[in-house]
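Comments concern the structure below.
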Amino acid sequence: MAQNKKENIGKQPEDSSQIAYHGIRHMLYSKELVPGQRIAYRDLAEKLQLSPTPIIQALKWLELQGFVLHEPNRGYSMAPFSLKEIEELYELRELIEPSLVSATVQHINKEGLKQLKAALEAHLSAEREFYLKERLFKNRDFHMILATLSGKETQIRILQNVFDMLFLKYGGNYFPMSSLTSTDQAHQEIYDAVALRSLERAQTILKNHLTNVKVQVLSSIKKMLAEQERSEF
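If you count the sequence shown from 1, position 90 lands on 106 in our numbering, and the numbers rise without skipping.
Below, the structure is given as structure tokens:
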């Protein structure tokens with residue numbers, strides 16, 4: 017009995033930190049925390065019904081992942097909005113995702129193709145409202161399943177972190193309406209090429225798709241920032 021009690025005591029901080037970590041990630045998802053915002057960890061502790069210690073531990077994890085900044089004697093804040101960071105995240109996608117297609121095409125079986133088809137259909141059937149998160153996350157799911165089928169675990173983890181930054185820190189919803197149809201078409205063509213085991217075609221379509229998305233997203237953000245600047249005068 018004493019041994020079990022000791023084990024439970026040892027596990028509690030880790031469990032509480034995990035709860036805090038996922039709670040704060042949910043707040044990022046729901047935009048309760050946004051880039052540049054100051055973070056009062058005691059307020060987070062009260063909201064998540066935890067002590068300050070696991071909150072601070074979770075914030076340290078999020079700092080390592082690039083979501084949070086810590087300044088001595090000033091505390092924590094959300095990392096600021098950075099157009100350069102968004103551009104670099106899309107450049108990482110351009111590097112990682114096409115490189116994984118070779119292994120995906122080589123190893124994919126009927127079950128893997130079924131998973132990719134289900135992800136494609138889920139994305140195509142998602143609500144088509146511009147700011148609806150369902151469509152954005154179904155988009156991510158298609159790309160992550162395509163990558164996961166490669167079996168390259170380290171690169172998959174890096175890509176997951178890239179998507180976390182794009183979707184949790186920045187919301188991911190900078191796609192112009194005009195890109196919805198072209199995204200649907202690109203996903204369908206990527207699936208068709210993978211199903212036919214046409215590596216060169218799959219890589220070409222994916223590379224072009226990611227480059228087009230990057231250009232559209234950056235253009236959309238620059239317009240948004242310019243409008244914000246004009247509204248301040």
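Even glycine gets a Cβ: it sits at the ideal position worked out from N, Cα and C. Computed from a prediction, not measured in an experiment: that's the story for all the values here.
Cα-Cα separation between residue i and residue j, rounded to whole angstroms
i: Q232; j: K100; result: 15 Å
i: I112; j: N155; result: 17 Å
i: S214; j: L108; result: 23 Å
i: A95; j: Q73; result: 17 Å
i: G187; j: E127; result: 31 Å
i: E258; j: K230; result: Because the chain spans 17 through 249 in this model, residue 258 falls outside it and cannot be assessed.
i: E62; j: P70; result: 12 Å
i: I174; j: S67; result: 31 Å
i: A36; j: E216; result: 44 Å
i: S98; j: T120; result: 32 Å
i: R151; j: L64; result: 28 Å
i: H86; j: D180; result: 20 Å
i: Q122; j: K76; result: 39 Å
i: L44; j: I124; result: 34 Å
i: E243; j: L234; result: 14 Å
i: K47; j: T170; result: 29 Å
i: R41; j: R58; result: 17 Å
i: K239; j: I172; result: 32 Å
i: A31; j: F153; result: Looking at the sequence provided, one finds Asp at residue 31 rather than Ala. If I take the Cα positions, the gap works out to 27 Å.
i: S198; j: I221; result: 11 Å
Selection from the options that minimises the alpha carbon distance to residue i
i: H159; options: E62, I55 and H139; result: H139
i: N89; options: E150, E216, A56 and Q219; result: A56
i: Q219; options: P114, A142, Q34 and W77; result: P114
i: G52; options: S235, G91 and A209; result: G91
i: K83; options: L196, S198, K238 and V178; result: A small correction: the amino acid at residue 83 is Phe; Lys does not occupy that position in the sequence shown. When only C-alpha atoms are compared, the closest one is V178.
i: E137; options: S118, L60, H123 and D200; result: D200
i: E117; options: E243, A209 and L234; result: Note on identity: in this sequence residue 117 is Val, with Glu being the wrong assignment. Measuring from the Cα of V117, the nearest candidate turns out to be A209.
i: I237; options: R41, I102, D59 and S46; result: I102
i: L60; options: K47, S46, L78 and G39; result: G39
i: S141; options: E243, K47, S235 and L196; result: L196
Per-residue burial, residue i [other beta carbons within 10 Å of its own, 16 or more giving buried]
i: F146; result: Because the pLDDT of F146 is 49, which lies under 50, any placement of that residue in the model is unreliable, and the number read from its coordinates should be weighed accordingly. Flag for F146 reads exposed.
i: L241; result: exposed
i: L184; result: buried
i: S33; result: buried
i: L80; result: exposed
i: D157; result: buried
Contacting residues, own chain, Cβ-Cβ under 8 Å from residue i (five flanking each side not counted)
i: I161; result: Q131, L132 and A135
i: E110; result: K223, L226, T227 and K230
i: E143; result: E150 and R151
i: Q176; result: M160
Same chain, Cβ closer than 7 Å to residue i, five either side skipped, listed in chain order
i: A211; result: L129
i: V50; result: M94
i: R54; result: S93
Beta carbon proximity, residue i to chain C, threshold 7 Å
i: K149; result: Within the model displayed, chain C is absent; a lone protein chain is all it includes.
heavy atom of the ligand NAP below 6 Å from residue i C-beta
i: L215; result: Among the components of this structure there are no ligands whatsoever, and the ligand NAP is therefore not found.
Beta-carbon contacts of residue i that lie in its chain and below 6 Å, excluding the five residues immediately before and after
i: Y106; result: K230
i: L78; result: V84
Checklist entry - If we count Cβ pairs, one from each stretch, closer than 8 Å, do we get three or more for the region 164–180 versus the region 238–248? => result Contact between the region 164–180 and the region 238–248 is absent, because fewer than three Cβ pairs lie under 8 Å.
Item to check | Contact the region 192–212 vs the region 220–235: 3+ CB pairs below 8 Å | outcome: Yes, since at least three Cβ pairs between the region 192–212 and the region 220–235 fall closer than 8 Å, the two stretches touch.
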